[in-house]
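Note sheet for the following structure.
Now the structure itself:
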């Protein structure tokens with residue numbers, strides 16, 4: 387059974403679960419930079435545009451939070467724990483108002499509502515959020531932003547915005563907010579796989595190098611026919627052999643998969659048989675205890691945090707860098723605890739030749755920092 391379903395929803399219909407956020411992601415990237423990289427692609431259904439962001443799709447859940455200010459009725463809304471990514475998407479959608487924008491989201495089938503409640507710090511039922519900068523705080527509420535400068539009908543007319551456009555945009559947000567089930571949300575168009583992105587990046591690198599080589603040949607007066615002095619221009623084949631850098635992302639995943647798959651043993655004698663699933667960077671794991679009872683669950687790799695999650699709610703996680711650098715042992719950490727000591731360890735018998743997996747192909751081992759899928 388899948389753990390989520392990809393759908394489309396207007397990001398303005400999704401709510402925050404934090405009262406404030408930082409202006410950078412955990413890897414140091416500025417939110418402003420990511421916002422500027424969001425592209426608007428042709429829409430489908432009732433949406434004018436679909437927003438394509440440089441970060442993974444946000445995860446959303448249907449949840450009810452009591453409103454202490456009594457501005458909202460105590461009903462369910464769509465919420466996310468990916469607050470910084472939602473902020474970037476809302477800014478882009480608000481900048482295009484009253485055009486109707488959608489974002490690709492992962493709607494979770496099940497989650498721990500108690501866990502969400504513990505992590506929720508919003509004081510406004512997720513309607514707004516504060517951005518904590520070094521010397522000041524910025525307040526974000528898309529409702530105030532889209533109405534700024536459009537308070538009167540005359541101002542809207544001067545900007546070429548009709549009353550119908552405004553009403554339809556507001557109705558779309560309200561409609562998406564009121565869709566109480568996954569089935570009622572618009573299906574997301576098929577997206578290019580992560581592997582396709584990696585292959586495209588590699589292809590782009592090759593094209594750039596070929597152009598660079600061609601330019602160098604032209605500048606030195608060399609042609610494809612070569613020269614009589616024994617020095618010939620670099621051909622496509624030579625570029626491919628000598629200059630194209632290794633696709634680190636694909637190589638990293640290959641090393642991780644090679645190390646992770648197989649049979650592992652827990653402290654109580656139980657075994658865990660890990661095999662690759664159909665979805666990219668996802669594995670099926672069959673647990674069998676000493677009495678022979680079997681249970682299957684999913685483990686998956688999150689490139690953003692460089693961690694592996696056991697199940698759908700990050701109850702336990704492993705650091706991918708540790709898996710590759712220390713083959714033969716798999717340390718699982720408690721996703722609900724701030725302790726850095728592993729909760730339990732799996733062991734695997736590996737050939738000695740596998741011990742150097744993490745050093746092959748010049749893979750750069752990234753320093754893993756766990757964000758527990760919440761970006762806290």
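In our numbering, the protein residues as written are 387 to 762. Note that CB positions come from ideal geometry on N, CA and C, so glycine has one too.
Alpha carbon of residue i to alpha carbon of residue j, nearest angstrom
i, j, result
"residue 695", "residue 684", "8 angstroms"
"residue 445", "residue 655", "35 angstroms"
"residue 565", "residue 549", "24 angstroms"
"residue 539", "residue 504", "44 angstroms"
"residue 527", "residue 401", "11 angstroms"
"residue 438", "residue 425", "5 angstroms"
"residue 572", "residue 733", "44 angstroms"
"residue 404", "residue 415", "19 angstroms"
"residue 585", "residue 642", "Confidence at residue 585 is low in this model, with a pLDDT of 45, below 50, so its placement is unreliable and the value that follows should be read with caution. Taking the straight line joining both Cα atoms gives about 18 angstroms."
"residue 568", "residue 673", "30 angstroms"
"residue 710", "residue 545", "56 angstroms"
"residue 485", "residue 715", "52 angstroms"
"residue 588", "residue 637", "Low local confidence applies: a pLDDT of 46 at residue 588 is under 50, so the model's placement there is unreliable, and no value is given."
"residue 406", "residue 639", "34 angstroms"
"residue 468", "residue 554", "27 angstroms"
"residue 517", "residue 681", "43 angstroms"
"residue 582", "residue 394", "Confidence is the limiting factor: at residue 582 the pLDDT is only 47, short of 50, which leaves the residue's position unreliable and the question unanswerable from this model."
"residue 676", "residue 651", "11 angstroms"
"residue 390", "residue 561", "21 angstroms"
"residue 535", "residue 689", "40 angstroms"
"residue 664", "residue 449", "30 angstroms"
"residue 570", "residue 649", "41 angstroms"
"residue 418", "residue 512", "21 angstroms"
"residue 691", "residue 523", "26 angstroms"
"residue 411", "residue 473", "12 angstroms"
"residue 678", "residue 728", "26 angstroms"
Distance CB(residue i)-CB(residue j) smaller than 8 angstroms
i, j, result
"residue 421", "residue 478", "yes"
"residue 475", "residue 489", "yes"
"residue 413", "residue 451", "no"
"residue 670", "residue 661", "yes"
"residue 563", "residue 399", "yes"
"residue 483", "residue 543", "no"
"residue 392", "residue 492", "yes"
Of the listed residues the options, nearest to residue i (C-alpha basis)
i, options, result
"residue 559", "432, 406, 410 and 415", "432"
"residue 466", "397, 541 and 480", "397"
"residue 693", "511, 678, 562 and 667", "667"
"residue 480", "429, 530 and 670", "530"
"residue 494", "659, 554 and 443", "443"
"residue 647", "653, 687, 568 and 521", "687"
"residue 701", "691, 710, 719 and 709", "719"
"residue 464", "502, 551, 664 and 639", "502"
"residue 644", "411, 541, 706 and 552", "706"
"residue 525", "409, 704, 649 and 449", "409"
"residue 423", "447, 471 and 434", "471"
"residue 653", "537, 429, 731 and 712", "731"
"residue 575", "419, 418, 430 and 729", "430"
"residue 703", "721, 522 and 461", "721"
"residue 428", "537, 727, 487 and 447", "487"
For residue i, three-class secondary structure by DSSP
i, result
"residue 712", "coil"
"residue 482", "coil"
"residue 403", "coil"
"residue 647", "coil"
"residue 450", "strand"
"residue 416", "strand"
"residue 719", "strand"
"residue 588", "Confidence is the limiting factor: at residue 588 the pLDDT is only 46, short of 50, which leaves the residue's position unreliable and the question unanswerable from this model."
"residue 570", "helix"
"residue 471", "helix"
"residue 637", "helix"
"residue 428", "strand"
"residue 729", "coil"
"residue 664", "coil"
"residue 410", "strand"
"residue 421", "helix"
"residue 352", "Nothing can be reported for residue 352, as the shown portion of the chain is limited to 387 through 762."
"residue 627", "Since pLDDT at residue 627 reaches only 31, below the 50 mark, its modelled position is unreliable, and the value read off the structure follows with that caveat. In this structure, residue 627 counts as helix in the three-state DSSP scheme."
"residue 462", "strand"
"residue 583", "The pLDDT assigned to residue 583 is 47, lower than 50, so where the model puts this residue is not dependable; a value taken from the coordinates is nonetheless given after this. The answer is helix: DSSP assigns residue 583 an H, G or I state."
"residue 706", "helix"
"residue 476", "helix"
"residue 387", "Because the pLDDT of residue 387 is 48, which lies under 50, any placement of that residue in the model is unreliable, and the question is left without a value."
"residue 396", "coil"
"residue 652", "coil"
"residue 762", "Because the pLDDT at residue 762 is just 39, under 50, the model does not fix this residue reliably, and the point stays unresolved."
Interface flag, residue i vs chain B, CB-CB below 8 angstroms
i, result
"residue 646", "No chain B appears in the structure shown, which is made up of a single protein chain."
Which complete alpha helix (DSSP H) runs does the segment 506–564 hold, if anything under 4 residues is left out?
DSSP runs (the alpha helix (DSSP H)) wholly in the segment 506–564: 528–533, 539–544 and 549–564.
Whole alpha helix (DSSP H) elements within the segment 674–701, 4-residue minimum:
With a minimum length of 4 residues, no continuous alpha helix (DSSP H) run stays inside the segment 674–701.
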